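Using the numbering used here, read the sequence shown as starting at 4 and increasing by one per residue.
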Amino acid sequence: MSDQLSLMGFEAPPPAAPTDRLFFALQPTDAACAQIAALSQRLRESHGLNSKPIAPERLHITLHHLGDHAGVPADVVEAAGRAAARVVCAPFDVVLDHAMSFRIRRDKAPFVLRTAASHEAAVLDFQRQLGQSMALEGLGHSVDVRFTPHVTLTYAPRELPESPVEPVQWTVREFVLIHSLLGRTQHRVLARWPLSGAPQG
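Put into structure tokens, the structure is as follows:
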């Protein structure tokens, strides 16, 4: 259609800039958020970081991104809801016991808490199951096949060495669909889905 308009002397308007992000996530409990916030402060002080910490209410583990959009697309939200409703999983524990950096670019390295390999099987299995449900609802293009469970603490100006930390642990009893308002550091939970069954382990 845009080619036809160009031939007629008209140019299609550029796509609107994204303002909204959607993603599935796990949120720490209130107690775990407080523990993470305190640990974040100690780590930033020990590394001499002046970067702004992620606010406790925005701490999360991203499971799958559902894209950046201009507005909140109802069809994506509805498909995400159907995918989430397909998931059957018992509650499981998350253990964050290492601090490390991910490199994005030279002046921006997310400093995160992540799980050791010995503690990540349950969350990896859950993320994979959710991805399979997404694919069945036409959201396969949004499935994150590379997944490292982590909670971002801050965006540091340099990479920091990996180190063990005092473990932060909580039992995951639900997962959520989050609407992030880009550039406004605001997260809104659009929906929650509880996990049912006996806890794993």
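Glycine included, every Cβ here is placed at the ideal spot set by N, Cα and C.
A quick note: this is a predicted structure, and the numbers were derived from the prediction, not measured.
Of the other Cβ atoms in all chains shown, 16 or more fall within 10 Å of the Cβ of GLN130; this residue is therefore buried.
Counting along the chain, GLN130 sits inside no beta strand (DSSP E); it lies in the alpha helix (DSSP H) bounded by residues 124-139.
Pairing LEU133 with ALA28, the inter-Cα distance amounts to about 11 Å.
Between PRO59 and ALA37 the beta-carbon gap is near 7 Å, inside 8 Å, which marks them as a contact. When rounded, the separation of the alpha-carbon atoms in HIS68 and ARG24 is 8 Å.
Burial state of LEU193 is exposed, judged by a 10 Å Cβ sphere holding fewer than 16 other Cβ atoms. In this model, ALA86 and GLU140 are separated by some 6 Å (Cα to Cα). Where ALA159 is concerned, there is no enclosing alpha helix (DSSP H), although the beta strand (DSSP E) around it starts and stops at 153-159.
With 16 or more other Cβ atoms inside 10 Å of its own Cβ, LEU52 counts as buried. Here TRP173 really is in contact with PRO31; their C-beta atoms are around 5 Å apart, less than 8 Å.
Sequence-distant partners of THR188 (beyond 5 residues in either direction) whose C-beta falls short of 8 Å from its own C-beta, in its chain, are ALA58 and ARG61. Annotation note: the region 10-98 contains the following uninterrupted beta strand (DSSP E) runs of length 3 or greater, listed N- to C-terminal: 23-29 and 64-72. Pairwise C-beta distances place the region 116-124 out of contact with the region 74-94, as fewer than three of them are shorter than 8 Å. The residue from SER49, ARG106, ASP147 and GLU165 with its alpha-carbon nearest to that of LEU99 is GLU165. Taking 8 Å as the upper bound for CB-CB distance, VAL148 and THR118 are not in contact here, some 18 Å apart. Excluding sequence positions up to five before and after THR22, its CB lies within less than 6 Å of the CB of ALA73 and LEU185, all in the same chain and listed in chain order. Annotation: the continuous beta strand (DSSP E) that includes PHE114 extends over 112-117.
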